[in-house]
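Enquirer: In numbering that gives the first Met the number 0, the protein residues as written are 0 to 207. Right, I'll just put the structure down here and ask away after.
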Amino acid sequence: MKIHHYYFSIQKRVFDIFLALLLLIVLSPLLIIIGLMVLLGAGSPIVFKQKRLGKNGQTFTAYKFRTMQKNASMLKSKYIHLNEAPTPMFKITRDPRFVGIGWILSRTGLDELPQLWNILCGQMSFVGPRPLPINEARALPKDWRFWREQVRPGVFSEWSSSPQKHLSLENWEKLEKTTLKKGGLKEDLQQIFSSIKLILMFFLRRKS
């Protein structure tokens, strides 16, 4: 599979840095509010850290607002039958392990706002294949892993805006390939705006 040259361009990196800095400044009040709500509803730590597989197969620490119980990983086997995502992924929309406002943060993707720091550090991009925990990433077929590891993983992708519980492993791979084949600044902006639209729709439905 041929990955679009945009994913290796200076333009994409400059765009990532500029937008990440802008959002960190503009959204700093929201980051503080969410952090306080997590602290009040779930206690410390506020931020969840997890090793993920990134570009060139190198591991990095991904940051998210903590949404689950501290022993969530130990409880995974207890709720494996509720998994809505294709193996090796694990995703439950209303995960019993959520605490406080965790399920809202996870459902809207607001829990991933700390990954703006990962973008600034050059470990992630705004758009690209989703970074997976090491054990999940290494369980993927080798050819799939190979082209995933050619680029920086992203906060947003075609996969992340799809109904996960209805997505097969084959369709997931197809969506990620689509993301990498049609790279460009316009496509990045479209993917970001479509994800923001999903967040707004979630809150509008909650109000109605």
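Heads up, the beta-carbon is just placed ideally off N, CA and C, and yes, glycines get one too. Please read all numbers here as calculations on a predicted model, not as lab measurements.
(1) In chain order, which continuous runs of the beta strand (DSSP E) of length 3 or greater are located wholly inside the segment 87-156?
(2) Could you round the C-beta distance between T60 and K50 to whole angstroms and report it? I think they count as a contact, below 8 Å.
(3) In whole angstroms, what separates the C-alpha of W116 from that of L22?
(4) Can you list, in chain order, the residues of its chain whose CB lies under 6 Å from that of A136, leaving out five sequence neighbours each side?
(5) Tell me which residues share the same chain as I79 and place their Cβ nearer than 8 Å to its Cβ, disregarding the 5 neighbours each side in the sequence.
(6) State the Cα-Cα distance for the pair P132 and R93, rounded to the nearest angstrom.
Expert: On the basis of the coordinates in this document:
(1) With a minimum length of 3 residues, the continuous beta strand (DSSP E) runs that stay inside the segment 87-156 are 124-126 and 153-155.
(2) What you label residue 60 is simply residue 61 of the sequence shown in a count that begins at 1. What you label residue 50 is simply residue 51 of the sequence shown in a count that begins at 1. The Cβ separation is near 6 Å, so the contact holds.
(3) Sequence index remark: in the sequence shown, residue 116 carries index 117 (1-based). Sequence index remark: in the sequence shown, residue 22 carries index 23 (1-based). Each residue's alpha carbon lies about 11 Å from the other.
(4) By 1-based counting over the sequence shown, the position of residue 136 is 137. If we look at A136 and ignore the five residues flanking it on each side, its Cβ neighbours are L52.
(5) Locating residue 79 in the sequence shown gives position 80, where the first residue counts as 1. Cβ neighbours of I79 beyond the five flanking positions: F89.
(6) As a working note, residue 132 is residue 133 in the sequence shown. As a working note, residue 93 is residue 94 in the sequence shown. C-alpha separation (whole angstroms): 20 Å.
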